[in-house]
Amino acid sequence: MMNTAETAKRHYETENRESHTEKKKFSNVMAMILGILVTVEIMILGAMVMKIDVHSADRIAMALAFVVVYSGVVAALTDK
């Protein structure tokens, strides 16, 4: 007869094994979209911390976002 500690341990090991085998990767498009969002958020936060006026921060964010999008498109197109 098994005690509760052994049963709980087996249950935990089974759940842990299943969660590791079912990890899914992001698609290229989803990874690019999430990368763009994170980059823009970081740029806007940096502009707020450095107290740059809104119009300058918008221009900087747009320029850097264009570079990120361009790099992402090139990476997606050249990925085999």
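Numbering-wise, the UniProt record's numbering puts 78 at position 78 of the sequence shown, and it's gapless, one number per residue.
Glycine included, each C-beta is placed from N, C-alpha and C at the ideal position.
The beta carbon of Leu-37 is closer than 8 Å to none in its chain, skipping five residues each way along the sequence. In the structure shown, Met-50 falls within a coil segment according to DSSP collapsed to helix, strand and coil. When the five nearest sequence neighbours on each side are left out, no beta carbon in the same chain lies closer than 8 Å to the beta carbon of Val-49. Listed in chain order, the non-local C-beta contacts of Ala-65 below 8 Å within the same chain comprise Ile-36, Thr-39, Val-40 and Met-43, local neighbours out to five positions each way being set aside. Under the three-state reduction of DSSP, Ser-27 is assigned to coil, being neither helix nor strand.
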